[in-house]
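Here is the structure we will look at, set down as structure tokens.
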Amino acid sequence: MQNITVSPSTKNGYEFPKKVGIVYSDVKREYFPTEAQYLTEKDADKDAKTIASYLDKLNIEVYLYAGNSRLTKFLKKAKPDMVINLVDSVKGFESLASSIPGVLELLDFPYTGADILGMSLDTNKFLIKKILQQNGVPVPHYQLITSPNDFIDPTLRYPLISKLNEIHGAVEITENSVSDTEKHLKERLKFLINTYKQGVLIEEFIVGREVTAILLEGLNKKVYLAEKVFKKTDGKYIFSTFEDQWLKKGSETFVYEKYEDPILREYVKRAFDVAKMYDYGKFDVRIDQSGRYFFIDSNCNPAFGPKELDVAMSTILDMYGVNFQEILKRLLLNTMRDAAGKERLPYTTSEKDISSN
Numbered sequence: 001m002q003n004i005t006v007s008p009s010t011k012n013g014y015e016f017p018k019k020v021g022i023v024y025s026d027v028k029r030e031y032f033p034t035e036a037q038y039l040t041e042k043d044a045d046k047d048a049k050t051i052a053s054y055l056d057k058l059n060i061e062v063y064l065y066a067g068n069s070r071l072t073k074f075l076k077k078a079k080p081d082m083v084i085n086l087v088d089s090v091k092g093f094e095s096l097a098s099s100i101p102g103v104l105e106l107l108d109f110p111y112t113g114a115d116i117l118g119m120s121l122d123t124n125k126f127l128i129k130k131i132l133q134q135n136g137v138p139v140p141h142y143q144l145i146t147s148p149n150d151f152i153d154p155t156l157r158y159p160l161i162s163k164l165n166e167i168h169g170a171v172e173i174t175e176n177s178v179s180d181t182e183k184h185l186k187e188r189l190k191f192l193i194n195t196y197k198q199g200v201l202i203e204e205f206i207v208g209r210e211v212t213a214i215l216l217e218g219l220n221k222k223v224y225l226a227e228k229v230f231k232k233t234d235g236k237y238i239f240s241t242f243e244d245q246w247l248k249k250g251s252e253t254f255v256y257e258k259y260e261d262p263i264l265r266e267y268v269k270r271a272f273d274v275a276k277m278y279d280y281g282k283f284d285v286r287i288d289q290s291g292r293y294f295f296i297d298s299n300c301n302p303a304f305g306p307k308e309l310d311v312a313m314s315t316i317l318d319m320y321g322v323n324f325q326e327i328l329k330r331l332l333l334n335t336m337r338d339a340a341g342k343e344r345l346p347y348t349t350s351e352k353d354i355s356s357n
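Under the UniProt record's numbering, the residues of the sequence shown are numbered 1 to 357, in order.
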């Protein structure tokens, strides 16, 4: 195995880990209130095995663990050099996913993705909106609703879209999510709150185009932008629904095209930092008819995997000539470097150099 020199200040560069643990969501149907939410995680173990096959190609010994009460025992026994954290929920609750980096911190295992704070913030969309807004990142006007009888802010302009505050994966994002009237919105809020037992974020729906932004962190931060060009034109409001993301292949409803704007790139970098993300992150951004940007969603530790898993990160980066093997290598090196307590310095090798090792 060759070392990869990342800076003149490192004598021998960094090596890939010899043993890697992959922790994924422990998924059981009874953990989830609806089939839709279960569907977003039911293949967690299969996806982990697919990623493990790429690590095998690097001659890395791989251990697979479900993120449950037995995790500590397995980690202590195998003693991996680092852990790839793929856990989105614990016992069906996304808000408990931050317990996984907590365990890894206590056991001193280097790991990928956001830490306890970043993952905790990520499962509160209202709080993320507030943080982005306070730091100059544009977001639509919004309100958190905790009861179907809550007063609706009269300054909010219809149409309004309603989203579960603590659940990602486009769960319950359907054609019925956008409300043109208060009566429709109230019915929607009653259903969501009673079914999922959590608050609902309502925000002004931005009519226009949509861009997905991926930030991949190494010794520097690189932002990759792609516009979603929707094929469907029959709906009143055009946006990506749960059905589009989980019941169809992405190419059936939209295609990605490269998008370039240095202003948006800087917004993405700022959002990544203030949301306390790490290693990689994903943002969905709407562009209104005046060309203004509005950040409508953010995900730390977004879906991770090769292009064949229909993952946005790999699909978009592949457009820029960066394949999943290169993404994985950068993630491994980044984690091992940080575990060694090294200072972050600009790369002296290109992505092409990395892929050739």
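Heads up, the beta-carbon is just placed ideally off N, CA and C, and yes, glycines get one too. Please read all numbers here as calculations on a predicted model, not as lab measurements.
With a CB to CB cut of under 8 Å and the five nearest residues on each side skipped, what residues in its chain are close to residue 378? With the chain represented from 1 up to 357, any question about residue 378 goes unanswered, as that position is not in the structure.
Alpha carbon to alpha carbon, how far is L264 from A78? Position 264 of the sequence shown, counting from 1, holds the residue named residue 264. Position 78 of the sequence shown, counting from 1, holds the residue named residue 78. The alpha-carbon atoms of L264 and A78 are separated by roughly 43 Å.
Please report the Cβ distance between residue 359 and K228, rounded to the nearest whole angstrom; I am assuming they are in contact, meaning their Cβ atoms lie under 8 Å. Because the chain spans 1 through 357 in this model, residue 359 falls outside it and cannot be assessed.
Cβ neighbours of V279 in the same chain (closer than 7 Å, five flanking residues each side left out): The count along the sequence shown starts at 1 and reaches residue 279 at position 279. Strictly speaking, residue 279 in this sequence is Asp, with Val absent from that position. Here the set comprises T112, G113, E217, L331, N334.
Under 7 Å Cβ to Cβ from E343, same chain only, skipping five residues before and after it: list those, please. Position 343 of the sequence shown, counted from the first residue, corresponds to residue 343. Caution is warranted here: a pLDDT of 44 is assigned to E343, below 50, making its placement in the model unreliable, and no coordinate value can be reported.
Inter-residue spacing [alpha-carbon to alpha-carbon] between S72 and T34: Translated into the one-based positions of the sequence shown, residue 72 becomes position 72. Translated into the one-based positions of the sequence shown, residue 34 becomes position 34. Reading the sequence as shown, one finds Thr at residue 72 and not Ser. T72 and T34: Cα-Cα distance of roughly 29 Å.
Residue(s) in a DSSP beta bridge with M82: To locate residue 82, count along the sequence shown from 1; it is residue 82. Paired residues: V20.
Residue ranges of each alpha helix (DSSP H) within the stretch 43 to 110, 4 or longer: 44 to 56, 71 to 78, 99 to 106
Would you mind stating whether N124 and I100 have Cβ atoms separated by less than 7 Å? Looking up residue 124 in the sequence shown gives position 124. Looking up residue 100 in the sequence shown gives position 100. No, the pair does not count as a contact, with Cβ atoms beyond the cut-off.
At the level of alpha carbons, what is the spacing between T241 and D234? Locating residue 241 in the sequence shown gives position 241, counting from the first residue. Locating residue 234 in the sequence shown gives position 234, counting from the first residue. When rounded, the distance between both Cα atoms is 14 Å.
Going by DSSP, what residue range makes up the alpha helix (DSSP H) through K197? Residue numbering aside, residue 197 sits at position 197 when the sequence shown is read from its first letter. Note, K197: premise wrong, no alpha helix (DSSP H); not H, not E.
What residue from K18, P110, I22 has the CA that sits closest to D341's CA? Counting from 1 along the sequence shown, the entry for residue 341 is found at position 341. Sequence inspection shows Gly at residue 341; the Asp mentioned does not correspond to that position. For G341, the nearest C-alpha among the options comes from P110.
Taking only runs that begin and end inside the stretch 261 to 340, name each unbroken beta strand (DSSP E) of 3 or more residues, in chain order. 280 to 287, 293 to 300
Among V268, I152, V311, nearest to Q245 - alpha-carbon criterion: Against the sequence shown, residue 245 aligns to sequence position 245. Among V268, I152, V311, the Cα nearest to that of Q245 belongs to V311.
Look up Y259 in the DSSP assignment and say whether it is helix, strand or coil. By one-based count along the sequence shown, residue 259 stands at place 259. It is coil, neither helix nor strand.
Out of curiosity, what's the CA-to-CA distance linking P159 and S147? For the purposes of this step, residue 159 is taken as the residue at position 159 of the sequence shown. For the purposes of this step, residue 147 is taken as the residue at position 147 of the sequence shown. The alpha-carbon atoms of P159 and S147 are separated by roughly 20 Å.
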